[in-house]
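Read through the structure below, which is laid out as structure tokens, and then see the notes.
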Amino acid sequence: MKANTRTWYRLVALLLSFGLVAAACGGSDSAGSDASDGGTDETTDAGDDSSGGGETLTMAIVAPSAKNDLAFTQSMVDAINALDRDVDLQITDGTFVVEDAAAAIRGYAEDGVQVIVAHGTQYGGSLAEIAPDFPDTTFIWGTASDTQGLDNVFAYFPAADEGGYVNGILAAGLSESGKIGVVGPIEAGDAVAYIAGFQSGAEANGAEVSVVYTGSFGDVALAAETATAHIANGSDVLTGTAQMVVGAVGVANDAGVPWFGTQANQTSLAPDIVVASQVYHWEVVLEEMLTLRDGGTKGGQAFEIDLANGGLVIEFNDKFELSDELKAEADAAIAGIIDGSISTGA
Amino acid sequence: MKKLLGASIPLLAALVAFFFGAIMLVALGASPWEGLTSLASGAFGSGDRIAATLVKATPLILVGAGISIAFRTSVVNIGGEGQIVAGALLSTMVALAIPDVPRILLVPIVMVAGLVGGAIAGAIPGALKAYASVNEILSTIMLNIIMLQFMNFLLRGPLIDPLEVEAGTRIPQTARLSDNAALPTLVSGSRLHLGVVIALLAAVAAWAMLWRTPLGFRLRAVGHSPAAARSAGIKVERHITYALAISGSLGGLAGAILVFGSESQRMVTDGSTAGFTGSAGFNGIVTALFGGLHPLWTIPSAVLFGGLLTGATNLQRALQVPAALAVALNGIVVIFVVSSNRVRSRLEELLQARSEFKNSSGGDGPSADVDSLIEEVEHA
Amino acid sequence: MSDFFTVSVLVSVFASGIRLATPYLLASLGETIGQRSGVLNLGVDGIMLLAAFGAYYTALKTDNLWLAVLVALLVGLMVGVVYGLITVSLHAAQGISGIGIFLFGLGFSDLLFQVWVGTPLPVPHKLPKLSIPGLGSIPNIGEALFQHNLMTYGAFMLVPAVMFLLQKTTFGMNVRAVGENPQAADSLGVSVGRTRFMAILLGSSAAGLAGAALVLQGGIFQANLTNGLGFIAIAIVYFGAWRPLGAMAGSLLYGMVNATVVQLKVQGTIPRSASDLASMAPAVITILALVFLAGRVKAPAALTKPFARH
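Chains as they are written, first to last, in my numbering: chain R, 61 to 406; chain P, 56 to 435; chain D, 1192 to 1501.
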């Protein structure tokens, strides 16, 4: 009996505290839905005007990692901030659980946000369910190479192998031992394309590449030890992808081993040894998508950022001195990839 | 008078916890009132939100019921995460192997596959504890790591969507699974699916098993005193294995429901267990302990925690505060409500001293006396 | 080229294994003390995260590693006070309280990081390697064993210290008595509450140091930096049968297997397709080692049992 009532108390306690708040919010809740109704109307107006100029566009990002992760998620936040438009941006970051992300995407759509960026391939399955329910909303989804046949979804994809190839060419040129180490998370997605490109670039320039996937996106210590092991085995240039590479960058910095970054400019992590980073400039394709949207096309097309359209940029660290010869090799590789004479092999 | 006091203390504790949350919101420059209202309306504010909360509660009910069974047998199960993954993987494989079986058959088949997968992942640490004296806290923690890597291996290797290989994108996910295996939705247009009902039934079944069957009696006897159970002729080792296997099977069922009740209708990994389970394996422990290690009390407990989780997503979206706040708040709620036990029982004792009325804790009835139950958990 | 059994590779694996083992060792030593007094603390991971952030932030702002370690220790101590109040003074159930601490640490450390730091920045200086004069210059062995940072040496020196504490001091005897039979200890005049409280404080301070070791070896903080390390440390306490030496053996085993797997991956001995399977090795080998080697030692009899004088 006594025990029974105890559980009761505990649950009632939580319930009541919820209830109190829920009851209190009854009023403001309805106000909230009014506001979102208004938002939807505005959306339609903006679409009819199709002027874009001066109108504030409401956008939202739902992303798996932190908005300032100096990698995948930050690349999209920076891109939207770089847009030449008035954007009212809302961010839900750190939603690595797909179902939570789905709830956030749906929530933004219900709130009448005009353009919602679902910044994670893994969100695609959920988006296929959500997008048809909100035909007036534009969804932007990536990284993905197709829109799943949804006509209010734009897809985006980075040709990460292209920058990987250029980084590989440079890495092989810098390596004296002819051995290069790669620290990857798990063998999937973006990382695969980047590393495949890097490997063929480095091999084309006569270096041997050892690729290790640590099996984790989060284990900084293991990434550091992987870098250490690479160096112990003779690698004198390193690269890597995903957020746990900060551990590997630290090791490279201590050992004075050059490092190549991807997804965002990683120079700030180790200003002395980061040679170059492949940086994603999504704004190139975002601008195209929004222009299409202004013209009444809500989606249905897939876009790729690559070296040719300026969505992928190799950003060099000015403090790291590269020989003119090597820089010319990199430029040649970039030109070759753009004109199609070089295949990245990925 | 006594009841009033008893009820008000944990209520106060929960409010103090939310007060801490409010302070954090103020520190972040957000309005605490708006924060709490968006939390509550995000959890229970509309039919859709309630549906989302119930869906979120589903794995918590199942894992919680399973944890209750294990703890009642004096076995600690921290392997919920791994068991969820195991059930999800096996049910996914079954759905991939026989996609064309009619829905009326395939849905039950994949659910059973989930049960079996989880049971295997539970039986391993169970048998290791029973027959090789390997502590189950160690083995379940380690098995979580093993299952994570196994999931990553399968989803980027043998089970990967052939389209992903073709497109070269290599997202570690399976192909879209057969619609015949999808859990039907209960209310059209909502996310509320059959999994919620399955979880409720499973919790009832777990309760009935524990208190209405000879097996349940033997499990609880082992939990109460292995030595006494042994002298009464109960095979202690076997029942320890059973307990973890049953506990694991409920986790596995949760895994199957996560896959076949998902919007995407496929299994996908982001390289972490939490990315798939939403940490239900851990939150289920909290749920179970909150529910007094009683499968039926786990249900309301899971709904409340499910509400906290869905409300937190809304909070983050509405106020643009980091999601981490919700996780921290979750911890604070647990800490405050748990520690209010003592304050309350002190006050109860004081009141009890006046009246001569004495309570006896009901042996077979629902019991929330977590402290004394945990006391019974022994590590052989 | 891809030969594992060369001196230089073995030296590198050993050194790497010892570095990886350091945070496990610190955390599991602390948890060993706590559990010997009868207190299970599932919040180790949360304490490590909070302390790691404290150390990281201090190092970032002051570039003073001593101060950073001290802050981590104090953060550990503070959380220990909270945990002690909850579980000892308020008699709350240990399992659920620990998970509460874990969740709080996981969320709050991430929150502080995002609000105060935001974009990840490495600390100006990581823990420097310190070659022990004489020993450090022994060929190979010196590099493997005696060229580490101060926290690694400190962690391993704590092993005999904790052994001494538990076996030879009055406090240690009280800890063991309280963990085995609190009623008897109480009747002999040992304050169960105070002893457990002290054990918790020692344990969570050590967890704080583990967080500092992790973050100052890597030089950077991020959300969920520990990646479940604290839970593995708890498993190692069980592996080590509640003995400091056992905790050391478990930590070293886990670290060494991890280092070996990394090395074999780098050399290409483990094919990339089996990369995930190989990552299971530390967990699998830890379980198997326990099956074959030990596991017959009884836990402190009063572990997880709150004590109330009736």
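Don't be surprised by glycine CBs; every beta carbon is placed ideally from N, CA and C.
Nearest-angstrom Cα separation, counted from residue j out to residue i
i        : j        : result
G269(P)  : H294(P)  : A small correction: the amino acid at residue 269(P) is Pro; Gly does not occupy that position in the sequence shown. Roughly 12 Å between the two C-alpha positions.
I301(P)  : L170(P)  : 9 Å
A182(P)  : A283(P)  : 20 Å
Y225(R)  : A336(R)  : 12 Å
L1281(D) : P1497(D) : 9 Å
V317(R)  : D296(R)  : 6 Å
A378(P)  : G1221(D) : 31 Å
V1198(D) : V251(P)  : 59 Å
A292(R)  : I159(P)  : 58 Å
M1439(D) : A1397(D) : 14 Å
R1387(D) : I192(P)  : 21 Å
G1363(D) : R1210(D) : 29 Å
V1306(D) : G1325(D) : 46 Å
I1329(D) : D1194(D) : 23 Å
M349(R)  : L1216(D) : 53 Å
D1236(D) : F1293(D) : 6 Å
V189(P)  : L1484(D) : 10 Å
V1369(D) : G244(R)  : 48 Å
A283(R)  : L1268(D) : 30 Å
W88(P)   : G366(P)  : 14 Å
Beta-carbon neighbours of residue i, restricted to chain P and to distances below 9 Å
i       : result
A164(R) : T368, N369, Q371, R372
Exposure label - residue i; buried when at least 16 CB within 10 Å
i        : result
F1422(D) : buried
S1300(D) : buried
S88(R)   : In this predicted model, S88(R) has a pLDDT of only 39, less than 50, meaning its place in the structure is not dependable enough to derive any value.
D97(R)   : In this prediction, D97(R) has a pLDDT of 36, which is less than 50 and means its spatial position is unreliable; nothing more can be read from the coordinates.
S125(R)  : buried
D148(R)  : exposed
V242(P)  : exposed
Q1358(D) : exposed
A91(R)   : Its pLDDT being 35, under 50, A91(R) is placed unreliably by the model, and the measurement read from it follows with that caveat. Exposed, by the Cβ-count rule.
V1260(D) : buried
G370(R)  : exposed
F1196(D) : exposed
I1332(D) : exposed
A1375(D) : exposed
V432(P)  : Residue placement at V432(P) is flagged as unreliable, the pLDDT there being 42, under the threshold of 50; a coordinate-derived value is accordingly withheld.
A215(R)  : buried
Residue i versus the options, residue with shortest Cα-Cα distance
i        : options                                : result
S1203(D) : T1451(D), I1478(D), L1231(D), Q1226(D) : T1451(D)
G400(R)  : L367(R), A120(R), K379(R)              : L367(R)
I151(R)  : L308(P), N369(P), S245(P)              : N369(P)
I196(P)  : M166(P), N132(P), S245(P)              : N132(P)
I463(R)  : L298(R), N325(R), D221(R)              : With chain R running from 61 to 406 in the structure shown, residue 463(R) is simply not present.
R104(P)  : G346(P), L364(P), L384(P), N385(P)     : L364(P)
A1263(D) : L1405(D), L1468(D), L1326(D)           : L1405(D)
I354(P)  : I201(P), L255(P), F75(P)               : L255(P)
G142(P)  : V314(P), F74(P), A373(P), V382(P)      : V314(P)
N1415(D) : A395(R), N128(R), T351(R), F277(R)     : F277(R)
Cross-chain neighbours of residue i in chain D, by beta carbon under 7 Å
i       : result
Q204(P) : D1467, L1468, S1470, M1471
G212(P) : S1464
Partner residues on chain D for residue i, Cβ-Cβ distance less than 9 Å
i       : result
Y273(R) : K1456, R1463, S1466, D1467, S1470
Residue i: contacting residues in chain R (beta-carbon distance under 7 Å)
i        : result
L1410(D) : It is worth fixing the name first, because residue 1410(D) is Gly in this sequence and not Leu. Within 7 Å Cβ-Cβ: G310.
I1310(D) : Checking the sequence, you will find Thr at residue 1310(D) rather than Ile. Simply N128, L130.
N1418(D) : S276, G278, D279
Amino acids of chain P, ordered along the chain, whose beta-carbon sits closer than 7 Å to that of residue i
i        : result
L1302(D) : P377, A379, L380, A383
T1477(D) : M197
Amino acids of chain D, ordered along the chain, whose beta-carbon sits closer than 8 Å to that of residue i
i      : result
S86(P) : None at all; the shortest Cβ gap to chain D is about 17 Å.
Where residue i meets chain C, residues with beta-carbon distance less than 8 Å
i        : result
G1459(D) : The question asks about chain C, but that chain is absent: this structure's protein chains are R, P and D.
(request) Give, in chain order, every unbroken run of the alpha helix (DSSP H) that is at least 4 residues long and sits entirely within the stretch 1238-1282 of chain D. (result) Counting whole runs of 4 or more residues, the stretch 1238-1282 of chain D contains the alpha helix (DSSP H) stretches 1256-1275.
(request) Ignoring anything shorter than 4 residues or poking outside the stretch 153-183 of chain R, list the alpha helix (DSSP H) runs there in chain order. (result) Listed in chain order, the complete alpha helix (DSSP H) runs (minimum 4 residues) inside the stretch 153-183 of chain R are 158-170.
(message) Suppose only complete runs of 4+ residues qualify. What are the alpha helix (DSSP H) ranges in the stretch 228-300 of chain P, listed by chain order?
(response) DSSP runs (the alpha helix (DSSP H)) wholly in the stretch 228-300 of chain P: 249-267, 269-279, 281-286.
(request) Within the stretch 1311-1354 of chain D, note down every full beta strand (DSSP E) run reaching 3 residues or more, in order along the chain. (result) Complete beta strand (DSSP E) runs here, min 3: 1320-1322, 1338-1340.
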